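**Q** I'd like to ask you about the structure that follows.
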Amino acid sequence: MPLSGSGEPPAVQPLPVSFPVPDPAPPAPRRRGPDVERTAVDDGQLVFFGAETAEPSVADLAGLLVGPGKVHRMGGTARLSVVVDAGWRVHVLVAELAQRGVRATWAATEERRYAVRTAYARTLVPLAAAWLRGPTQHPPAGLHLDGRRLRLWLAAAGVADPPDFLLHLGGTDPMRWTVAGGALVAAGLSGELVEPGAGGPAYRIAGRRGLQRLAELVGGRPSAAPPAAWPTRD
10 MPLSGSGEPP AVQPLPVSFP VPDPAPPAPR RRGPDVERTA VDDGQLVFFG
60 AETAEPSVAD LAGLLVGPGK VHRMGGTARL SVVVDAGWRV HVLVAELAQR
110 GVRATWAATE ERRYAVRTAY ARTLVPLAAA WLRGPTQHPP AGLHLDGRRL
160 RLWLAAAGVA DPPDFLLHLG GTDPMRWTVA GGALVAAGLS GELVEPGAGG
210 PAYRIAGRRG LQRLAELVGG RPSAAPPAAW PTRD
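When we follow the numbering used here, the leftmost residue of the sequence shown carries the number 10, and every step to the right adds one.
Have a look at this one:
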């Protein structure tokens, strides 16, 4: 398996393969109109602010920064990076970034993980401006988590812990985790904070209603993700 790659098509730079190469990512969904605020899900119900509700945007990458993602500034540009623990996450993140017009590269780390990095770009500067206070990264006041942002957080750092799901957090500042927890509650997800010594930092999403809400918000499982790694609406 190669030790690095890019967001180019697999024939040029193959992504890490720990299972069959997934199908190409589906095209970004189109909005049905300015007055539509909810979208149909597989079981016929309607969900507010789900991942399929609107077209992907660069602002969605805030979901990665709630998790282990990091943003860096250089002059009038910025770059986002995130280290993940499985090849399928690389597939999903590179595809999600491409849907937002953001080119990404990846490299294997010495810890048998994968570092996904975007190029430095002006389009990422607003994200950096919102999250950086000097060298310190912290969620902006009024952080909002919708389905598209939660989908990216889950793709980067969501882990099934049957019967629950864990959404792993980034950073070491408890105040940062508190802001993320408040944003989860506002999205209709009441998570229990798991402390670092107990397998965190992470928020545990538990209970049938909580897991169903998570599944509705993040949308359908990407073809690259193993079935057990993604919540379902069952």
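C-beta: ideal position from N, C-alpha, C; glycine also.
Being a predicted model, the structure only gives us computed values, none of them experimental.
Go to Arg121, then tell me how far its alpha helix (DSSP H) extends in each direction, as first and last residue.
**A** Taken as a continuous stretch (DSSP letters only), Arg121 belongs to no alpha helix (DSSP H), as it is neither H nor E.
**Q** Would you call Glu64 buried or exposed, if buried means 16 or more other Cβ atoms sit within 10 Å of its Cβ?
**A** Looking at its Cβ environment, which holds fewer than 16 other Cβ atoms inside 10 Å, Glu64 is exposed.
**Q** My understanding is that Leu178 touches Pro210, with C-beta atoms under 8 Å, so please give their C-beta distance in whole angstroms.
**A** 4 Å
**Q** Hey, could you find the ends of the alpha helix (DSSP H) Val188 is sitting in?
**A** 183-195
**Q** Under three-state DSSP, which class holds Glu225?
**A** helix
**Q** Over the uninterrupted alpha helix (DSSP H) stretch that includes Ala211, give me the two end residues.
**A** Element bounds for Ala211: not the alpha helix (DSSP H) but the beta strand (DSSP E), 211-214.
**Q** Use the C-beta contact count for Pro148: other C-beta atoms within 10 angstroms, 16 or more gives buried, fewer gives exposed.
**A** buried
**Q** Let me know if Glu225 comes out buried or exposed under the rule of 16 or more other beta-carbons within 10 Å of its beta-carbon.
**A** buried
**Q** Consult DSSP for Leu176 and reduce its assignment to one of helix, strand or coil.
**A** The DSSP-derived three-state label of Leu176 is strand.
**Q** Are the segment 218-237 and the segment 152-167 touching, with three or more C-beta to C-beta distances below 8 Å?
**A** yes
**Q** Return the CA-CA distance between His81 and Arg112, expressed in angstroms with no decimal places.
**A** Taking the CA atoms as reference points, His81 sits about 16 Å from Arg112.
**Q** Using a Cβ-Cβ cut-off of 7 Å (strictly less than) and excluding sequence neighbours within five positions of Leu198, which residues of its own chain qualify?
**A** Only Ile214, Gly219, Arg222, Leu223 meet the Cβ criterion.
**Q** Please tell me whether Ala165 and Arg121 are closer than 9 Å, where the distance is taken between their beta carbons.
**A** no
**Q** With a threshold of 8 Å, are at least 3 pairs of Cβ atoms found where one atom belongs to the segment 183-198 and the other to the segment 83-102?
**A** no
**Q** So which of Gly151, Leu176, Leu133, Pro240 has the shortest CA-CA distance to Leu106?
**A** Leu133
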